[in-house]
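Novice:
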Amino acid sequence: MDQTVTAAKPALYQPSEAAIAHLCGAVQCATVSAEDDAQVNWQEFEKLHAFLETSYPLIHKTMEREVVARGSLLYRWKGRGKGKPYALLAHMDVVSIDHPEHWTVEPFCGAYDGTYVWGRGAADMKCQLIAIMETIEQLIAEGFTPNQDVYLCFGHNEEVMAPHSGAKAMAELLKSRGVELEFVADEAGAIMMEPPFGIQKPVAMVGMAEKGFANLELTIRGEGGHSAEPEGLSALELASQFIVALGQNPMPYRLIPTVEAYVQALAGAMAPEERARIERDPAYVFEKMAEDKKCHAMVRTTIVPTVMRSGQIFNAIPSEAKVVLNSRILPGDSAETVSAHIKAVLSQCGIADYTLEVAKYAPPAPVTPNDAPTFQILKKLYLAWYPDFIVTPYLVTGGTDSKNYAGVTGEIYRISASLSYRGVSSGAHGDNERAPVVTLESIRRLFYGFIRAQSARYDGL
87 MDQTVTAAKP ALYQPSEAAI AHLCGAVQCA TVSAEDDAQV NWQEFEKLHA FLETSYPLIH
147 KTMEREVVAR GSLLYRWKGR GKGKPYALLA HMDVVSIDHP EHWTVEPFCG AYDGTYVWGR
207 GAADMKCQLI AIMETIEQLI AEGFTPNQDV YLCFGHNEEV MAPHSGAKAM AELLKSRGVE
267 LEFVADEAGA IMMEPPFGIQ KPVAMVGMAE KGFANLELTI RGEGGHSAEP EGLSALELAS
327 QFIVALGQNP MPYRLIPTVE AYVQALAGAM APEERARIER DPAYVFEKMA EDKKCHAMVR
387 TTIVPTVMRS GQIFNAIPSE AKVVLNSRIL PGDSAETVSA HIKAVLSQCG IADYTLEVAK
447 YAPPAPVTPN DAPTFQILKK LYLAWYPDFI VTPYLVTGGT DSKNYAGVTG EIYRISASLS
507 YRGVSSGAHG DNERAPVVTL ESIRRLFYGF IRAQSARYDG L
C-alpha cells in the first residue's frame, strides 16, 4: 500500500498585463554575452538598460543606478539606516541561438500566447529579473522604504563565465566602498511540482551551497605512424581507455550538511519503510539519490569528458589526443583533488606520457548554514503560500553569479518560485525557450513578501 502523503497543489496566480508586457519587452533585447567583449553587441544591452528605465519610473526616480563594466547595472535602494544591507542578483545576458531554424518562433520575438512568453532569456533569467523590478516598483508606489539598504546587481556576462565578470566587478566595487552585505540572493531554487522518489508534495528548494567548476585539459601521447603499419597503442586508443575507466571509477560519494538536510526533508514525505531505511543505512542514501540524475549530482564531484580532439587524416595514426574534462566540484573538494583523481585513473590505465592542466577554475562557493535567519524567513513565506510545501536547503549543481560575492557576504541564497514539472522543459539554453506567466507572478509574490519580511526584522529599532 502506498503510504506517501498526497496534497492539493498550491494556488497559481496571473500577473498583471503590464508585467507580462515588460517581460516580453525584455526578451526582445538580444543581450547575448561573449567571453570576448569585442564580440558583444553592446547596443542590445543599452536597449535593455533604457527599457528598464522607461518601464520602471519610480525605481529610477528613487534608487541610485550606475553602469559597471560597461554592461552590468548596480542599483542602491537607500533604507532607513537599520540593519545590514543585502543584494538581489540577476543576470541580463542570454546564451546564443545555435539553430534558429529549430525554433517555432523568432528567438527574440518576446511573444505572449496567453500562457507563455516565448524567446531566448524568458526563463533564464529575465523572468526573475522582471519579477524583482515589478516587486520594487510596486513597493515604492505603496510608499514603502526598507529599513536596510537593498542593492540590485544585474550582471551582463554570467552565461559565459567571463574572467572579466560583471558580477565580480560589482562585488569588488561594493567592497571598495566598505559595503558588507548580510546576504545575496540569486537564481535557482525552483519549486518541484513533481518531486522524485514518488513524493506527492511540492518541494520548494533554497540553494544554500553551490558546486565549483573546473575545465581540465588532458593531453595523452602514444605511438604514431602510418595506419597500414600500426604498432602499440595510439594516443586515441589510450584516451578512449582512459575515458571508459574514468566513467567506471567516479569520485567517491560524500554527503555534505546541505544535502543531508535535503535528504531528511524528502525522507519525511516518503513511505515509512523507505524513511526508516534511509535513517539506518547511509549506503542506501546514495543508492536512492542515484535514482534521479539531479539528486545524484549532489552527492559527488563529477568529471565528464566533453571535448576530444585527435588525428588529422585517415591514414595517419595520431600520436597525441586532447581531452577536455569538465568537473562540477562538491564543497570540500578542489581542482587539486579532481586532478589527483584523474591522475590515479591514468595510472590505473598504465598511461604515463601525458600532461594535465587546469584551464579554468572556480572553487565551490561558501556553504550557508542551514539554520541561518534568512532561510527561516523563506520557509515561513513558502508555508504561508502553501502549508503543504516541503521547504528544504539544497545544493546547486550548476553555476551562478552569486559566488563572486563571497568577499562581501557570508551568506548566499539561490531562490526562485519558478515552477518545475518533471519532463517539461523551459527550453532554457535550447530551442523554443519560454516562461509560463504564472511563474512570473509566483516569483514576484515571493520577492514582495521577502523584501517586506527582511525589513520587518528591524522594525522598532
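Numbering (our numbering), first residue to last: 87 to 547. Note that beta-carbon positions come from the ideal geometry of N, C-alpha and C, so glycine has one too. A quick note: this is a predicted structure, and the numbers were derived from the prediction, not measured.
Looking only at DSSP bridge pairs, what is MET211 linked to?
Specialist: For MET211, DSSP assigns no beta-bridge partner whatsoever.
Novice: Whose CA, out of GLY157, ILE342 and THR190, lies closest to the CA of ASN518?
Specialist: The shortest C-alpha to C-alpha distance from ASN518 to any of GLY157, ILE342 and THR190 is the one to THR190.
Novice: Tell me GLU406's beta-bridge partners as DSSP assigns them.
Specialist: ARG307
Novice: What did DSSP end up calling LEU62 once you bin it into helix, strand or coil?
Specialist: Limits of the chain in this structure are 87 at one end and 547 at the other, which puts residue 62 out of reach.
Novice: Go to ALA451, then tell me how far its beta strand (DSSP E) extends in each direction, as first and last residue.
Specialist: Run containing ALA451: none; DSSP gives neither H nor E here.
Novice: In whole angstroms, give me the CA-to-CA distance for GLY513 and PRO459.
Specialist: 34 Å
Novice: Can you give the beta carbon distance from PRO391 to VAL409, rounded, assuming they're within the 8 Å contact cut?
Specialist: 5 Å
Novice: Enumerated in chain order, which unbroken segments of the alpha helix (DSSP H) with a length of 4 residues or greater are wholly contained in the region 346-372?
Specialist: 358-366
Novice: If I follow the unbroken beta strand (DSSP E) through CYS435, where does it start and stop?
Specialist: Note, CYS435: premise wrong, no beta strand (DSSP E); not H, not E.
Novice: What's the gap between the Cα of PHE475 and the Cα of ILE399?
Specialist: 58 Å
Novice: Tell me whether the region 163-179 and the region 531-547 touch, counting them as touching only if at least three CB pairs, one residue from each stretch, are closer than 8 Å.
Specialist: yes
Novice: Which partner residues does HIS312 have in the DSSP bridge list?
Specialist: ALA402
Novice: For a quick check, are the C-beta atoms of VAL385 and LEU341 less than 8 Å apart?
Specialist: A contact, by the Cβ cut-off of 8 Å.
Novice: Decide if LYS147 is buried, meaning its Cβ has at least 16 other Cβ atoms within 10 Å, or exposed.
Specialist: exposed
Novice: Can you tell me which of ALA105, LEU109, LEU174 and GLU132 puts its alpha carbon nearest to the alpha carbon of SER488?
Specialist: LEU174
Novice: What did DSSP end up calling MET337 once you bin it into helix, strand or coil?
Specialist: coil
Novice: Give me the Cα-Cα distance between SER550 and HIS312, rounded to the nearest whole angstrom.
Specialist: Examination of residue 550 is not possible in this model, given that the chain is present from 87 through 547 alone.
Novice: Does the distance from the CB of LEU267 to the CB of ALA445 come in under 8 Å?
Specialist: Between LEU267 and ALA445, the gap from beta carbon to beta carbon reaches 8 Å or more.
Novice: Can you tell which of ASN401, LEU352, MET256 and ASP439 has the C-alpha that lies nearest to the C-alpha of VAL289?
Specialist: Closest option to VAL289, Cα to Cα, is LEU352.
Novice: Pull up the CB-CB distance for LYS374 and ILE364, whole angstroms please, since I reckon it's below 8 Å.
Specialist: Distance from LYS374 to ILE364 at the Cβ level is roughly 7 Å; contact confirmed, criterion being Cβ atoms closer than 8 Å.
Novice: Would you report the Cα separation of ALA394 and GLU323, rounded to the nearest angstrom?
Specialist: Here residue 394 turns out to be Met, not Ala, going by the sequence shown. Our two residues, MET394 and GLU323, have alpha carbons roughly 12 Å apart in a direct line.
Novice: Can you say whether ASP88 is buried or exposed, counting buried as having 16 or more other CB atoms within 10 angstroms of its CB?
Specialist: Its pLDDT being 35, under 50, ASP88 is placed unreliably in this model, and the value from its coordinates should be taken loosely. Exposed, since its Cβ has fewer than 16 Cβ neighbours within 10 Å.
Novice: Out of HIS185, GLU223 and HIS382, state which residue places its alpha-carbon closest to the alpha-carbon of HIS108.
Specialist: GLU223
Novice: Please state if the CB of LEU98 and the CB of SER528 are separated by a distance shorter than 8 Å.
Specialist: yes
Novice: Going along the chain, which residues of its own chain have a beta-carbon closer than 6 Å to the beta-carbon of LEU215, five neighbours each way excluded?
Specialist: ALA176
Novice: Around the C-beta of ASP184, are 16 or more other C-beta atoms found within 10 angstroms, so that it is buried, or is it exposed?
Specialist: exposed
Novice: Return the chain-ordered ranges of every beta strand (DSSP E) run that is complete within the region 236-285 and spans a minimum of 3 residues.
Specialist: Taking only runs of at least 3 residues, the beta strand (DSSP E) segments lying wholly in the region 236-285 are 236-241 and 270-272.
Novice: Hey, quick one: how far does the alpha helix (DSSP H) through ALA49 stretch, first residue to last?
Specialist: Beyond the ends of the chain as shown, which are 87 and 547, falls residue 49; an answer cannot be given.
Novice: Compare the Cα-Cα distances from ALA257 to each of PHE533, LEU505, GLN540 and THR495 and report the closest residue.
Specialist: THR495
Novice: Quick check: what's the CA-CA separation for GLY484 versus ILE501?
Specialist: 14 Å
Novice: Which residues does DSSP list as the beta-bridge partners of SER320?
Specialist: In the DSSP output, where bridge partners are listed per residue, SER320 has none listed.
Novice: Using the DSSP secondary-structure output, state which residues sit across from ALA197 in a beta bridge.
Specialist: TRP204
Novice: I believe VAL236 touches TRP163 by the beta-carbon criterion, under 8 Å. Please report the beta-carbon distance rounded to the nearest angstrom.
Specialist: About 4 Å; that satisfies the 8 Å criterion.
Novice: What residue range does the beta strand (DSSP E) around ALA290 cover?
Specialist: 289-296
Novice: Taking the alpha-carbon positions, what's the GLY436 to ILE403 distance?
Specialist: 20 Å
Novice: Can you check DSSP and say which residues form a bridge with TYR161?
Specialist: Looking at the DSSP output, TYR161 shares a beta bridge with ARG151 and LEU238.
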